[in-house]
Amino acid sequence: MTDRFGVRELYRVADGPAAGSALYLAVLRDWGDRSSSRDRARRRVARAVVQNTGDTRSLILLVPNALERANRGEIEVVMPRLRERGGKSDISTVRALVSTTDPSRFHVELLKDLMEILTGGKPDKRVLLLTATPINNTIWDLYNQLSLITRNNDGWYAGRGPIADLRSTFRAVEKGEGGPGLLDAMMLSLVRRSRHDIRAREAAGESVEVGGQPLRFPRHEFPEAVTYSLQNLYGAIYHEVLDVVQNLNFAVYQLESYGVRTGAEDTEERVKQRNANFVGIMKTILLKRMESSVVALQSTVASMTEYLDLFLSTLDRGQVITPKQAQRIRAVLGGSLPDAEIEATDWDPRAVNALREEHPAPADP
Numbered sequence: 004m005t006d007r008f009g010v011r012e013l014y015r016v017a018d019g020p021a022a023g024s025a026l027y028l029a030v031l032r033d034w035g036d037r038s039s040s041r042d043r044a045r046r047r048v049a050r051a052v053v054q055n056t057g058d059t060r061s062l063i064l065l066v067p068n069a070l071e072r073a074n075r076g077e078i079e080v081v082m083p084r085l086r087e088r089g090g091k092s093d094i095s096t097v098r099a100l101v102s103t104t105d106p107s108r109f110h111v112e113l114l115k116d117l118m119e120i121l122t123g124g125k126p127d128k129r130v131l132l133l134t135a136t137p138i139n140n141t142i143w144d145l146y147n148q149l150s151l152i153t154r155n156n157d158g159w160y161a162g163r164g165p166i167a168d169l170r171s172t173f174r175a176v177e178k179g180e181g182g183p184g185l186l187d188a189m190m191l192s193l194v195r196r197s198r199h200d201i202r203a204r205e206a207a208g209e210s211v212e213v214g215g216q217p218l219r220f221p222r223h224e225f226p227e228a229v230t231y232s233l234q235n236l237y238g239a240i241y242h243e244v245l246d247v248v249q250n251l252n253f254a255v256y257q258l259e260s261y262g263v264r265t266g267a268e269d270t271e272e273r274v275k276q277r278n279a280n281f282v283g284i285m286k287t288i289l290l291k292r293m294e295s296s297v298v299a300l301q302s303t304v305a306s307m308t309e310y311l312d313l314f315l316s317t318l319d320r321g322q323v324i325t326p327k328q329a330q331r332i333r334a335v336l337g338g339s340l341p342d343a344e345i346e347a348t349d350w351d352p353r354a355v356n357a358l359r360e361e362h363p364a365p366a367d368p
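Residue numbers (the working numbering): 4 to 368.
Structure, rendered in structure tokens:
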């Protein structure tokens, strides 16, 4: 099928679970159409390239992760058709190229197939890579993608920039001896559209337009810094709150100090240190909330009070709540609180065990 920009859509399929591989391959064989929002965004880029360059015959290759999991024999079914079409294309676009660092899969063979498609046909064919993750496992993922642009010619950058041999450059980078080699490769390969790059092009006299209209970034107007004193704003109450926070024991977060067994497997010293660190975080949160605003502090204190009320009500029944630290932080910041409405599976396993056991109320230290 051909879209209104003349782009030959060989396939565009979305990433999916392993179970979807057969479906994707069936769609691919039928020249079907299945795409995710990210794929559609990349398609818009590819279409814009075709539209603005005037090319009417293009090969769009969107390589999904599902193909990595497919059977080699299934891939061989579709590759001949791709080779035939690829030899006639003007622009080849590859999205999210598969990694070739796992020898247990057929990544290397698939890369070779793609290389054959992209190197065949017109010698002036252009390759456009659309990917948000050029490096997934090692820098050689990036090398393999750049090789599609260079047509597997490691000397392609020679004369175009400070890279004499692409493979040697990446070997040096891998050993930590590459210096600016990786940056040089990126500068020679990437299409840069940041604010800084646009302004640099404008300064060089280049007209930058989008949709026929000149592109202008608004100038940053940095606001004037305002210096203030919390002591002057709140008077003595600020120091009073500081004293209160610093003297809080947060006993409910240091149950081990009261002889309550929480099921922690760490040594006693490690448990004490972990609890002390958490209490320090809690105190810092309170102070930060106060610096934000009095309303923020009141909201946080209200959330803590809810949790403490819940703790005390269960303690009156001879039970102790020992939730995990993430739950504690959510409680302090006004998030979800464990209560009777929450299923047991939503609790930390140690908390479930603690609630099922009878514990004597801890005595004051």
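Note that the Cβ used here is the ideal one computed from N, Cα and C, for glycine as well. All figures in this text were calculated on a predicted structure; none of them were measured in a lab.
**Q.** Candidates Phe220, Ser192 and Leu193: closest to glutamate 205 by CA position
**A.** For the purposes of this step, residue 205 is taken as residue 202 along the sequence shown, with counting starting at 1. If we check each option's Cα against that of glutamate 205, Phe220 comes out closest.
Q.
So the candidates are Ala239, Leu311, Thr308 and Met189; which of them puts its Cα closest to the Cα of arginine 163?
A. For the purposes of this step, residue 163 is taken as the residue at position 160 of the sequence shown. Among Ala239, Leu311, Thr308 and Met189, the Cα nearest to that of arginine 163 belongs to Met189.
Q. Considering only C-alpha positions, which residue in the set Arg154, Ala228 and Phe173 is nearest to leucine 145?
A. Locating residue 145 in the sequence shown gives position 142, where the first residue counts as 1. The shortest C-alpha separation from leucine 145 is found at Phe173.
Q.
Report the CB separation of alanine 167 from alanine 161 in whole angstroms; it is logged as a contact under 8 Å.
A. In the sequence shown, counting from the first residue as 1, residue 167 sits at position 164. In the sequence shown, counting from the first residue as 1, residue 161 sits at position 158. Contact flag correct, Cβ pair sits at about 5 Å.
Q) Which one or two residues does DSSP pair with valine 213 in a beta bridge? A) Along the sequence shown, read from residue 1 onward, the residue named residue 213 stands at position 210. Bridge partners of valine 213: Gln216.
Q) Which residues in the same chain as arginine 273 place their Cβ atom closer than 7 Å to its Cβ, once the five residues preceding and following it in sequence are excluded? A) The count along the sequence shown starts at 1 and reaches residue 273 at position 270. Closer than 7 Å at Cβ, skipping near neighbours: no residue.
(Q) Measuring CB atoms only, is the stretch 245 to 255 touching the stretch 285 to 294, in the sense that at least three cross pairs come out at less than 8 Å? (A) yes
Q: Would you mind working out which of Arg277, Gln234, Lys286 and Ser150 sits nearest asparagine 250, comparing C-alpha positions?
A: Indexing the sequence shown from 1 puts residue 250 at position 247. Ranking Arg277, Gln234, Lys286 and Ser150 by Cα distance to asparagine 250 puts Lys286 first.
(Q) Pull the bridge partners of alanine 161 from the DSSP assignment, please. (A) Along the sequence shown, one-based indexing puts residue 161 at 158. Partner(s): Gly164.
Q) Is arginine 154 helix, strand or coil by DSSP? A) Residue numbering aside, residue 154 sits at position 151 when the sequence shown is read from its first letter. Residue state, collapsed to three classes: coil.
Q.
With H, G and I counted as helix, E and B as strand and the rest as coil, what does DSSP make of histidine 199?
A. Counted from its first residue, the sequence shown places residue 199 at position 196. Residue state, collapsed to three classes: helix.
(Q) In this structure, how does DSSP classify asparagine 147 when only helix, strand and coil are distinguished? (A) Locating residue 147 in the sequence shown gives position 144, where the first residue counts as 1. If DSSP states are grouped into helix, strand and coil, asparagine 147 belongs with the helices.
Q: Note down the Cα distance separating serine 150 from asparagine 156, rounded to an integer number of angstroms.
A: As a working note, residue 150 is residue 147 in the sequence shown. As a working note, residue 156 is residue 153 in the sequence shown. Rounded to whole angstroms, serine 150 to asparagine 156 spans 7 Å at the Cα level.
**Q.** Cutoff 7 Å; reference phenylalanine 253; Cβ partners in own chain excluding five residues on either side
**A.** What you label residue 253 is simply residue 250 of the sequence shown in a count that begins at 1. Around phenylalanine 253: Val282 and Met285.
**Q.** Range of the contiguous alpha helix (DSSP H) that encloses glutamate 271
**A.** Counted from its first residue, the sequence shown places residue 271 at position 268. It spans 271 to 295 - the alpha helix (DSSP H) in which glutamate 271 sits, taken as one unbroken run.
Q. Isoleucine 201 and valine 213: beta carbons closer than 8 Å?
A. The residue labelled residue 201 in the question sits at position 198 within the sequence shown. The residue labelled residue 213 in the question sits at position 210 within the sequence shown. The answer is no: Cβ separation not under 8 Å.
Q: Count the other C-beta atoms from every protein chain shown that fall within 10 angstroms of the C-beta of asparagine 278, then say buried if there are 16 or more, exposed otherwise.
A: What you label residue 278 is simply residue 275 of the sequence shown in a count that begins at 1. Flag for asparagine 278 reads buried.
Q) Thinking C-alpha only, which one of Asn147, Gly179 and Leu313 is nearest valine 255? A) Residue numbering aside, residue 255 sits at position 252 when the sequence shown is read from its first letter. It is Leu313 whose Cα lies nearest to the Cα of valine 255.
(Q) Cutting at 6 Å between CB atoms, please list the residues of its own chain near leucine 233, excluding the five before and the five after it. (A) Locating residue 233 in the sequence shown gives position 230, counting from the first residue. Taken in chain order, the residues that qualify are Tyr241.
Q. Relative to the alpha-carbon of histidine 223, which residue among Ile324, Arg198 and Tyr237 has its alpha-carbon at the smallest distance?
A. Along the sequence shown, read from residue 1 onward, the residue named residue 223 stands at position 220. Of Ile324, Arg198 and Tyr237, the residue nearest in Cα terms is Arg198.
Q) Going by other Cβ atoms of all chains shown within 10 Å of its Cβ, with 16 needed for buried, is glutamine 148 buried or exposed? A) By one-based count along the sequence shown, residue 148 stands at place 145. Burial call: buried.
Q.
Taking the straight line between their C-alpha atoms, what separation do you get for methionine 307 and proline 226?
A. Counting from 1 along the sequence shown, the entry for residue 307 is found at position 304. Counting from 1 along the sequence shown, the entry for residue 226 is found at position 223. So the two alpha carbons sit approximately 36 Å from each other.
**Q.** Per-residue burial, glutamine 216 [other beta carbons within 10 Å of its own, 16 or more giving buried]
**A.** Here the question's residue 216 lines up with position 213 in the sequence shown. It counts as exposed.
Q) For the alpha helix (DSSP H) that contains arginine 170, what are its first and last residues? A) Here the question's residue 170 lines up with position 167 in the sequence shown. 169 to 177 is the extent of the alpha helix (DSSP H) around arginine 170.
Q) Taking the Cβ atom as the reference point for each residue, do isoleucine 152 and serine 192 lie within a distance shorter than 8 Å? A) Sequence index remark: in the sequence shown, residue 152 carries index 149 (1-based). Sequence index remark: in the sequence shown, residue 192 carries index 189 (1-based). The answer is yes: Cβ separation under 8 Å.
Q: Using beta-carbon positions only, say whether lysine 275 and glutamate 294 come within less than 8 Å of one another.
A: Within the sequence shown, the letter at position 272 stands for residue 275. Within the sequence shown, the letter at position 291 stands for residue 294. Taking 8 Å as the Cβ cut-off, lysine 275 and glutamate 294 do not qualify as a contacting pair.
**Q.** Residues near leucine 185 by beta carbon distance below 6 Å, same chain, minus five either side
**A.** To locate residue 185, count along the sequence shown from 1; it is residue 182. The answer, listed in chain order, is Val176.
**Q.** Among Val298, Gln257, Arg170 and Leu300, the one whose alpha carbon lies nearest that of asparagine 280
**A.** Walking along the sequence shown from the start, residue 280 turns up at place 277. Selected option, being the one with the closest Cα: Gln257.
Q. Alpha carbon to alpha carbon, what distance is there between threonine 317 and valine 323?
A. If you number the sequence shown from 1, residue 323 lands on position 320. If you number the sequence shown from 1, residue 317 lands on position 314. The straight-line gap from Cα to Cα measures roughly 6 Å.
Q: Evaluate tyrosine 310 with the Cβ neighbour count: other Cβ atoms within 10 Å of its Cβ, from every protein chain shown; 16 or more gives buried, anything less gives exposed.
A: Sequence index remark: in the sequence shown, residue 310 carries index 307 (1-based). By the 10 Å Cβ count, tyrosine 310 comes out buried.
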